[in-house]
Amino acid sequence: MARQLFPLVNKYNYGVNSKVTATAPNLQSVAYTSARKDEIILIFDQDVRWDDEVALRFHLDDDSAELNSIEGAGKIITLKLANPSTSKNLSYIRGGKWRQEDAIIWGSNGIAALTFCEVPIRSPKE
Numbered sequence: 001m002a003r004q005l006f007p008l009v010n011k012y013n014y015g016v017n018s019k020v021t022a023t024a025p026n027l028q029s030v031a032y033t034s035a036r037k038d039e040i041i042l043i044f045d046q047d048v049r050w051d052d053e054v055a056l057r058f059h060l061d062d063d064s065a066e067l068n069s070i071e072g073a074g075k076i077i078t079l080k081l082a083n084p085s086t087s088k089n090l091s092y093i094r095g096g097k098w099r100q101e102d103a104i105i106w107g108s109n110g111i112a113a114l115t116f117c118e119v120p121i122r123s124p125k126e
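Each residue of the sequence shown is one higher than the last, beginning at 1 in our numbering.
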């Protein structure tokens, strides 16, 4: 926890300017990529990285929706669904206990992304 807060404390308390952003990756948008609604794109404010296990941390409000795979690069994560979905909202890391560090989205600065709950999924081309 201290390692993740240190850049912010350094910046705001001591005026130290970091070469990289001092904040956690911030989700900018969530949208279906096509009218088929079988793929969702997440865009962050900085480059992110993750392991495949992070797929277990995403939750759609359509309980029948099944996540097949996760891919992407840079600021983009793409969730590929097994079938078209009627989901209207996406959450990342809902309540409960978990410890698996592999199942986290990390920013390019080494700070973990914050959780989000029931973020509306935009229609394609909105």
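C-beta: ideal position from N, C-alpha, C; glycine also.
| Check | Outcome |
| --- | --- |
| Per the contact definition of three or more C-beta pairs closer than 8 Å, is the stretch 55-62 in contact with the stretch 12-27? | no |
| Hey, quick one: how far does the alpha helix (DSSP H) through lysine 11 stretch, first residue to last? | 2-14 |
| Which residues does DSSP pair with tryptophan 106 in a beta bridge? | Arg49 and Ala112 |
| Could you tell me which residues DSSP pairs with asparagine 89 in its beta bridges? | Pro120 |
| Give the range of the beta strand (DSSP E) segment to which glycine 74 is assigned. | Premise fails: glycine 74 is in no beta strand (DSSP E) and is neither H nor E. |
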